[in-house]
Amino acid sequence: MTKMTAPTISGSDKTAKGELAHRGDAATTAGEHGHTTIADTVVQKIAGVATREISGVYALGGGASRAFGALRERIPGASASSGQGIDVEVGERQVAADLSIVVEYGVAIGDLSKAVRRNVTTAIERITGLEVVEVNIHVNDVHLPDEDEETVPPEQARVL
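Counting in our numbering, the final residue of the sequence shown is number 195, and the numbers go up one at a time with none missing.
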């Protein structure tokens, strides 16, 4: 993940928008009746689901993380790594995300990136109320149609 700097905020907007200040593994917001804490893993899961919703995304993560995820799914009682291929930095009011994806062959990567970025941003902001300041997309591989019988993405792997 790229190291983030605080966004430039003009005069009166400084109180409305906060800097991205990492608070360990959760974002905390205060309301008049208490505090709400949102863990990084929550934001990772939201980003993962939103990414998989876009047609043309074959899988999340690079080759090693996909192989590890497939192995992990075969272990009874082990949870699948929902954050596989997703890194997030959650601040008090803002979020930044890095996504590693594998795309289907023939899909326009520029258009796919825009669609993923828009869907991830919308989902995170709608569900958490946090502002998404950036969504970086790293395309690690292109899935070819003839690879179907050789490899199966972790999301489609079946336990035998």
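Just so you know, even glycine gets a beta-carbon here, dropped at the ideal spot from N, CA and C.
Asked: Judging by CA-CA distance, which residue of Asp176, Glu182 and Val170 is the nearest neighbour of Ala85?; Found: Val170
Asked: In terms of residues, what are the limits of the beta strand (DSSP E) holding Ser90?; Found: No beta strand (DSSP E) contains Ser90, which DSSP labels as neither H nor E.
Asked: Among Lys149, Ser90 and Lys80, which has the Cα closest to the Cα of Gly141?; Found: Ser90
Asked: Are the CB atoms of Ala158 and Ile73 nearer to each other than 7 Å?; Found: no
Asked: Give the DSSP bridge partners of His173, in chain order.; Found: Ser135
Asked: Determine the burial state of Ala131: buried for a count of at least 16 other Cβ atoms within 10 Å of its Cβ, exposed for fewer.; Found: buried
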